[in-house]
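Here's what the structure looks like:
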């Protein structure tokens with residue numbers, strides 16, 4: 290095993306991921322858990338981190354670089370924001386050092402859009418953007434980053450000019466679990482229904498004002514015509530994603546098309562949604578992007 | 290006290306309301322409780338009804354007329370649907386008799402829109418429409434009925450031609466309680482903020498595709514600029530109502546304007562929303578409408 294150089298941590302609202310990285314950027318060990326900001330705020334951030342460092346036998350002197358919600362006001366140590374227009378390079382320079390500990394632990398800042406008409410914030414996605422686009426990518430990109438809180442970001446010559454958060458993923462969870470539609474999707478398990486999903490993406494994209502009606506139709510359709518729980522669930526998912534895409538795609542699209550930073554099932558769904566609308570979207574793996582961004586930041590902070 | 294003629298019951302998903310009515314249509318007694326369909330399905334519909342009848346000392350021979358979700362498949366006795374185009378007069382003729390009890394208890398049917406492209410159902414609102422518009426009102430009406438599941442209904446010469454359900458109220462509840470926005474609205478209590486509400490109605494009406502972004506901004510605004518929980522809550526409420534109105538008002542509007550059947554705080558909010566958009570809306574009290582509809586049906590069933 291080569292010598293570890295630093296530890297990279299993506300510490301989100303509800304997930305914790307840690308990688309032990311060597312000087313060449315290779316992964317030597319990995320940890321994943323549900324100890325996100327919400328859980329860690331109770332258990333203690335230092336204790337959660339230390340338990341994972343102990344599990345991979347990380348040496349005491351090894352520095353740790355963190356991105357994500359651990360840097361929020363309600364997180365571990367507030368890491369502030371870089372304000373838009375935000376050069377991605379500025380993120381590397383404003384990491385907050387965790388005080389009162391021997392180990393060198395730093396948390397990367399988020400990005401804030403201090404526009405009274407369209408206020409917005411991100412934490413974690415800026416590091417994905419850094420890893421996906423690089424420090425000084427020339428030209429314009431429109432980046433779609435699906436998730437609990439999806440981000441649509443415009444990046445021009447390495448600078449985040451503006452962005453919008455859509456709470457699509459969280460709406461899907463709340464609607465599926467906490468409304469009458471929970472009856473319609475009960476028992477859907479992992480069954481897929483691409484036809485229902487695509488029809489719902491189109492319907493939501495074409496008539497976003499009907500969103501609250503399109504969602505209810507999933508229930509009415511079952512009552513009057515039957516239909517599987519999977520069809521209902523894919524209808525909810527497709528409707529909400531279709532409405533998000535109606536807003537995200539409403540402005541000018543860059544010649545290169547959309548950059549889609551996503552992983553797993555969510556990435557698959559968004560690729561299918563873009564395909565349904567005949568919009569070109571270049572996929573980038575979100576896990577790789579955040580690890581790459583953390584590596585770039587670690588190199589800038591500790592090896593320069 | 291005059292002689293009671295019948296008992297009228299509005300039995301919704303989460304509420305139960307009962308009135309003891311005399312031959313002249315006067316209310317002799319009233320009961321309200323949270324024993325809606327969901328609670329009554331556990332406690333037993335017959336037992337819940339009997340406890341309220343006992344409390345008002347209703348004679349054993351007195352007939353009972355019920356509207357609402359008690360007639361659903363998951364309710365007490367399935368009361369079926371009148372299909373669109375549905376003459377309001379047809380509702381009076383299809384009441385389902387509760388079997389196996391000595392008392393004459395009947396449940397009014399709902400209305401179904403068996404359109405594969407826009408399937409929809411209502412239970413309870415048909416009785417409100419009957420009470421608000423009458424049996425054979427000439428001309429065209431566009432009726433907005435706010436609620437957990439808001440209904441927008443087109444009625445032409447006493448016939449429901451088509452309608453759409455928007456789960457606006459339920460979305461508001463799920464979003465306020467079960468998402469990150471619960472932090473933004475915590476402690477809002479009953480404080481009002483008409484300016485935030487009106488601004489959000491306009492924003493949702495003008496850009497419905499941005500719904501999931503406009504909701505999240507309520508949180509971002511607090512983080513970056515401060516702001517009261519009441520402002521955040523009224524922003525959520527106004528956004529969702531604004532999006533609903535964008536769809537509801539997208540078709541042709543009748544000369545007479547919108548008919549708004551609503552009560553209490555919800556009625557106030559929708560009146561303010563219509564006012565914000567400079568749309569004329571004639572308000573009708575929903576409680577009176579449903580009582581009036583039940584009285585008309587009772588008269589048709591038992592005195593003719």
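Chains as they are written, first to last, in our numbering: chain A, 290 to 593; chain B, 290 to 593. All C-beta atoms in this analysis are idealised placements derived from N, C-alpha and C, irrespective of residue type, glycine included. Source: prediction; values computed, not measured.
For residue 587 (chain B), the enclosing alpha helix (DSSP H) begins and ends at 575 to 591.
In this structure, the CA atom of residue 439 (chain A) is about 5 Å from the CA atom of residue 455 (chain A). The CB of residue 502 (chain B) comes closer than 7 Å to the CB of 453, 454, 455, 536 in chain A, given here in chain order. Between residue 422 (chain A) and residue 387 (chain A), the CB-CB gap reaches or exceeds 8 Å. The C-beta of residue 482 (chain A) comes no closer than 8 Å to any C-beta of chain B.
Residue 522 (chain A) has a beta carbon lying at 8 Å or more from every beta carbon in chain B. Taking every protein chain shown into account, the CB of residue 482 (chain A) has 16 or more other CB atoms within 10 angstroms, so this residue is buried.
Counting only Cβ-Cβ distances below 7 Å, residue 568 (chain B) has no contacts in chain A at all, with the closest Cβ about 15 Å away. Residue burial is scored here from C-beta neighbours: residue 446 (chain A) has fewer than 16 other C-beta atoms within 10 angstroms and is therefore classed as exposed. Looking only at A:397, A:411, A:396, the smallest Cα-Cα distance to residue 403 (chain A) is reached by A:411.
For residue 532 (chain A), there is no enclosing beta strand (DSSP E); the residue is found in the alpha helix (DSSP H) stretching over 518 to 537. Residue 429 (chain A) sits in a strand when the DSSP states are folded into three classes. Judged by DSSP in its simplified three-state form, residue 395 (chain B) adopts strand. At a cut-off of 8 Å between beta carbons, residue 410 (chain A) contacts chain B.
For residue 505 (chain B), the chain A residues whose C-beta falls within less than 8 Å of its own C-beta are 409, 438, 454, 455, 456, listed in chain order. In this structure residue 414 (chain A) is not in contact with residue 437 (chain A), their Cβ atoms being roughly 11 Å apart against a cut-off of 8 Å. Judged by their CB atoms, residue 519 (chain B) and residue 480 (chain B) are nearer to each other than the 8 Å cut-off. For a cut-off of 8 Å, the C-beta gap from residue 358 (chain A) to residue 300 (chain A) is around 6 Å, short enough to register as a contact. Annotation: Cβ neighbours of residue 468 (chain B) in chain A (cutoff 7 Å, chain order): 456, 459, 463.
In the assembly as shown, residue 394 (chain B) is a buried residue. Its beta-carbon has 16 or more other beta-carbons within 10 Å. Between the stretch 495 to 515 of chain B and the stretch 549 to 567 of chain B there are fewer than three C-beta pairs closer than 8 Å, too few to call the two in contact. In the DSSP assignment, residue 357 (chain B) forms a beta bridge with B:300. Look at residue 497 (chain B): its C-beta is under 8 Å from a C-beta on chain A. Residue range 439 to 445 is occupied by the beta strand (DSSP E) that includes residue 445 (chain A). Between residue 559 (chain B) and residue 548 (chain B), the alpha-carbon positions lie close to 11 Å from each other.
Residue 452 (chain B) is bridged by DSSP to B:442. For residue 469 (chain A), no alpha helix (DSSP H) segment is defined, and its DSSP state is neither H nor E. Here DSSP, grouped into helix, strand and coil, assigns residue 322 (chain B) to strand. At a Cβ-Cβ threshold of 8 Å, residue 368 (chain B) and residue 399 (chain B) count as neighbours. For the C-beta of residue 419 (chain A), not a single chain B residue is nearer than 9 Å; the gap to the nearest is close to 21 Å.
With distances taken between CA atoms, residue 376 (chain A) lies nearest to A:424 out of A:341, A:424, A:397, A:364. Contact of residue 486 (chain B) with chain A is not assigned, every C-beta pair being separated by 8 Å or more.
For residue 499 (chain B), no beta strand (DSSP E) run applies, since DSSP gives it neither H nor E.
Here residue 376 (chain A) is bridged, per DSSP, to A:448. Just measuring C-alpha positions, the residue of A:552, A:297, A:534 sitting nearest residue 397 (chain A) is A:297.
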